[in-house]
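Here's the structure we're looking at; comments come further down.
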Amino acid sequence: METIAAIIFIIGYIMSLIKGFQVSFVCLLLNFFFPPIAQGIFAIYEPEMRTPLYLMLGSIVLAVIGGGVEVNYTVS
Numbered sequence: 005m006e007t008i009a010a011i012i013f014i015i016g017y018i019m020s021l022i023k024g025f026q027v028s029f030v031c032l033l034l035n036f037f038f039p040p041i042a043q044g045i046f047a048i049y050e051p052e053m054r055t056p057l058y059l060m061l062g063s064i065v066l067a068v069i070g071g072g073v074e075v076n077y078t079v080s
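Going by my numbering, the sequence shown opens with residue 5, and the numbers climb by one from there.
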C-alpha cells in the first residue's frame, strides 16, 4: 500500500511541475521546492493546479491508512 502511495505521490509531483511550468516560472519553482504548500496556494486561483494537489493529498491519506506513515499526537 505504501509503495502505491509513493508512486501516486511521485506522479502528482511530476504533474505539479508540468502544470506549474504552464502557469508561470514562479509557480514551477515553488512547486519544485515546496510542493504541497505551493499547490495549495496556486490551486485557489489556477484550476489546473488542483488535480496534482488532490493526487498528492490522496497519496498521503493512502499512506496513512495503509500504515506506512504514523501520525503521533502526543504532547511532551
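For each residue, glycine too, the CB sits at the ideal point set by N, CA and C.
- Taken through DSSP and simplified to helix, strand or coil, residue 63 comes out as helix.
- Under a 10 Å Cβ-count criterion, residue 63 is classified as buried, with 16 or more other Cβ atoms of the shown protein chains found around its own Cβ.
- Excluding five sequence positions before and after residue 57, the CB atoms of its chain that fall closer than 8 Å to its own CB belong to 16, 20, 40, 43, 44, 47, given in chain order.
- Residue 76 sits exposed, since fewer than 16 C-beta atoms from the chains shown fall within 10 Å of its C-beta.
- The DSSP-derived three-state label of residue 73 is coil.
- Within the model, the alpha-carbon separation for residue 73 versus residue 5 is close to 11 Å.
- In this model, residue 33 and residue 69 are separated by some 31 Å (Cα to Cα).
- For residue 19, the enclosing alpha helix (DSSP H) has its first and last residue at 6-27.
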